[in-house]
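Residue numbers (the UniProt record's numbering): 1 to 617. Virtual Cβ for every residue (Gly too), placed ideally from N, Cα, C. Please read these numbers as outputs of a predicted model, since none were measured by experiment. Worksheet: the structure to be examined is printed underneath.
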Amino acid sequence: MYKTAIKTPNFFRSFSSLPNLTSYITSLQLCAHNTNLRQGKKLHSYMLINGFLTSPLTITSLINMYSKCNAISDAVLVFNTSSSTCEHNVFAYNAIIAGFIFNHLPKPVLRVYEKMRLAGVMMDKFTFPCVIKAFSGCQDVVGLKNVHGLVFKFGLDHDLFVGSAVVHGYLKFELMVDAHQVFDEMPDRDVVLWNAMINGYAQIGEFDNALDCLKKLRVDGIVPSRFTVTGILSVLTLKGDLYNGKAIHGFVTKMGYLSGVAVCNALIDMYGKCKCSLDALDIFEGMVVKDIYSWNSIIGVHQQSGDHEETLKLFDQMLRDKVFCPDIVTVTTVLPACSHLAALRHGKEIHAYMITKGLGKEDEDRDNDTYINNAIMDMYGKCGCMHEARLVFEHMSSKDSASWNIMIMGYAMHGFGNEALSLFHKMGEVNLTPDEVTLVGVLSACNHAGLVKEGQEFLSEMKSKYKISPTVEHYTCVIDMLGRAGLLDQAYKLLSEMPIEANSVVWRAFLAACRLHGDANLAEIAARKVIDLEPEHCGSYVLMSNVYGTLGRYEEVSDVRLNMRQQSVKKTPGCSWIEFGDRVHVFGTGDRTHPDEDLIYSELNSLYMSMGLCHMT
DNA sequence: GTAGGGTTAG
């Protein structure tokens with residue numbers, strides 16, 4: 001008789017009798033665990049046909065199954081439609097609330113919570129952790145404090161799960177005093193509760209307090225978990241504490257925590273930031289399971305070590321492998337590498353990728369949006385594409401002062417002094433206050449466009465008009481500008497009279513100007529200063545020997561060279577590079593290793609010829 | 001039948 005009522009599905013074969021309530025619930029739990037939505041839906045339909053949807057037990061299991069299978073709308077449907085056939089108990093409410101939290105939807109939790117209270121269903125220790133999380137997720141600190149009050153009323157303030165959630169909630173708002181009070185009043189503390197405190201201290205930058213928690217936790221006889229070590233590693237990374245980072249690496253190995261992806265990711269980051277790229281690579285290579293963090297972190301390691309070519313290579317590999325999609329973190333890590341190498345093709349590729357993936361556009365986090373577009377503008381600017389940079393700038397929905405500074409500096413770098421200054425004036429029109437960086441851009445614009453009078457005016461007005469005290473960088477721009485314009489005496493006067501201490505950079509700029517205009521006396525003064533301030537830097541010796549060379553004082557040239565050897569200063573060979581096709585071609589001084597060497601040098605020679613011809617006519 | 005921590009960029 002039963003055989004006609006239901007066709008036994010595959011997953012019931014293991015049961016000796018026909019499915020009952022328990023077997024349905026067990027099967028639904030399995031589907032939830034394996035995120036097997038298809039199977040779960042099948043079960044749902046059998047339950048519907050066979051009249052199993054009137055029990056609060058099956059409703060709860062169904063809601064849970066749909067939530068865990070990321071089908072929250074189905075979970076909601078079950079919850080809403082079942083209200084007519086069976087009254088929702090605390091289990092059903094808890095399941096749908098937990099479902100929303102699992103699917104990162106804090107807002108609807110607050111509505112269901114309200115409904116629950118109106119229906120007179122009593123909250124329990126399962127309800128509170130999720131509701132607390134919802135209030136902090138909705139940035140509702142008042143709501144959080146109210147729920148905390150209710151926790152006391154329900155006598156759940158000593159429950160570890162509830163207590164951890166409250167501590168976590170307060171720490172999210174950086175309310176350390178409130179969090180600490182709850183923490184202190186807990187009769188027992190487990191590793192999760194301690195982790196919350198460690199991460200709370202880490203978040204507000206109190207690193208030593210975070211590390212102190214680790215000591216106390218161990219005194220309490222608690223074993224640090226994988227979660228503890230990732231938190232601690234991030235603290236050690238920020239402190240640049242390689243010694244203790246290595247100790248944690250040892251502990252992690254001993255505990256078998258290296259099988260945890262997040263633990264390894266934190267180790268990669270720690271080694272990378274502590275300038276141990278090889279150790280970071282070792283960890284990365286040894287990982288069986290990797291996630292987007294691992295990729296991003298290893299790209300970050302190369303970016304931070306200044307290996308821009310490898311950074312781009314890894315990005316290409318990521319695109320080719322198609323295992324992980326580059327996200328906003330990947331893109332912000334890779335873009336500066338493009339800027340450094342002036343790798344326009346890569347930069348454009350990333351820009352196109354961002355557009356197709358919608359990265360940096362209508363992002364939930366507006367700061368992200370601004371930041372990423374700033375990085376794109378910077379890339380275009382450094383690659384000499386001011387037109388493209390301007391287009392991005394004009395289309396940005398929110399600009400911060402960095403956005404304006406990047407544009408001004410871009411124009412300045414490429415000699416578009418007037419464009420830089422006009423943007424600077426526009427900045428004033430939209431009531432944005434220029435900062436130190438803006439003024440460096442403005443002065444640099446005057447420098448590169450030869451706007452000597454304007455540059456001098458800006459410098460003298462900085463304090464009175466813009467309330468910015470000129471730094472050595474600002475003076476460097478103006479001294480460089482005066483020097484290039486041949487106004488060596490004025491430059492020297494400013495250099496000697498400026499109220500802040502001159503560094504080697506500003507003296508070197510002055511030295512370069514002396515060389516350009518062949519003033520050996522001032523050059524000697526400048527060179528002594530530079531060598532004094534930075535004896536290991538080769539640039540000043542080279543400039544000085546060039547000055548003597550230009551003036552035909554060859555004995556002194558060899559003196560400088562000898563001095564250089566005595567100080568064991570080596571000239572770092574200069575190099576340039578250009579992106580062509582799918583690779584970046586690097587050329588060192590006197591470098592003849594390029595496969596197309598003959599072609600390149602013959603083209604170079606014909607350029608020299610044309611230059612010579614132009615000069616003659 | 002239901003619950004709590006972590007890591008990557010500026």
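Scanning its chain for C-beta atoms nearer than 7 angstroms, with the 5 sequence neighbours on each side dropped, one finds around N405 the residues V437, T438, G441, in chain order. Closest by C-alpha distance to T550, out of M564, H517, K529, V569, is H517. Listed in chain order, the alpha helix (DSSP H) elements of length 4 or more contained wholly in the region 72-134 are 72-82, 90-102, 106-118. Contact annotation, F458 with L443: C-beta distance approximately 6 angstroms; criterion of less than 8 angstroms satisfied.
Boundaries of the alpha helix (DSSP H) around H180: 176-185. Per the C-alpha coordinates, the member of I292, D291, K275, Y271 positioned closest to I283 is Y271. If you compare the alpha carbons of T230, G240, L238 with that of F251, the shortest gap goes to T230. Judged by DSSP secondary structure, M379 falls within the alpha helix (DSSP H) whose first and last residues are 366-382. Under DSSP, V147 forms no beta bridge with any residue. For D279, the number of other beta carbons within 10 angstroms of its own is at least 16, and it is reported as buried. For S576, DSSP records a beta bridge to F587. Looking at I328, V323, M481, M386, the one whose alpha-carbon comes closest to that of D365 is I328. CA-CA distance, H88 to D291, rounds to 39 angstroms. In this structure, C274 lies near G245, with their beta-carbon atoms less than 8 angstroms apart.
Counting other Cβ atoms within 10 Å of its Cβ, L21 stays below 16 and is therefore classed as exposed. Taken in chain order, the whole beta strand (DSSP E) runs of length 3 or more contained in the region 263-305 number zero. The continuous alpha helix (DSSP H) containing D208 extends over residues 207-219.
The C-beta distance from S545 to I531 rounds to 12 angstroms, too long to fall under 8 angstroms, and the pair is not in contact.
For M396, the secondary structure class from DSSP, reduced to helix, strand or coil, is coil. The beta carbon of M47 sits closer than 7 angstroms to those of Y24, L53, T58, all from its chain and outside the five residues before and after it, given in chain order. Nearest to C69 by C-alpha distance, out of Y93, G360, G40, M318, is G40. For F161, the enclosing alpha helix (DSSP H) stretches over residues 160-172. A check of alpha carbon separations from E524 across V557, I479, E536 identifies V557 as the nearest. With fewer than 16 other CB atoms across the displayed protein chains lying within 10 angstroms of its CB, L599 is exposed. Burial is judged here by how many other beta carbons sit within 10 angstroms of a residue's own beta carbon; V301 has at least 16 and is buried.
For K239, the three-state secondary structure derived from DSSP is helix. Around the beta carbon of Y201, a 10 Å sphere encloses 16 or more other beta carbons of the protein chains shown; the residue is thus reported as buried. Between L62 and H44, the C-beta gap is smaller than 8 angstroms, which places the two residues in contact. Sequence-distant partners of S305 (beyond 5 residues in either direction) whose C-beta falls short of 8 angstroms from its own C-beta, in its chain, are G272, K275, S277. According to the DSSP assignment, P326 belongs to no alpha helix (DSSP H), since it is labelled neither H nor E.
Taking 8 angstroms as the cut-off, the beta carbon of A196 is found closer than this to the beta carbon of H168.
By the 16-neighbour rule on beta-carbons within 10 angstroms, D489 is exposed.
Note that the C-beta distance between L110 and A134 is below 8 angstroms.
Taking a 10 Å sphere around the C-beta of K529, we find 16 or more other C-beta atoms and assign the residue as buried.
By the neighbour-count criterion, in which 16 or more other beta carbons inside 10 Å mark a residue as buried, I355 falls on the exposed side.
C-alpha of G381 to C-alpha of V223: approximately 52 angstroms in a straight line.
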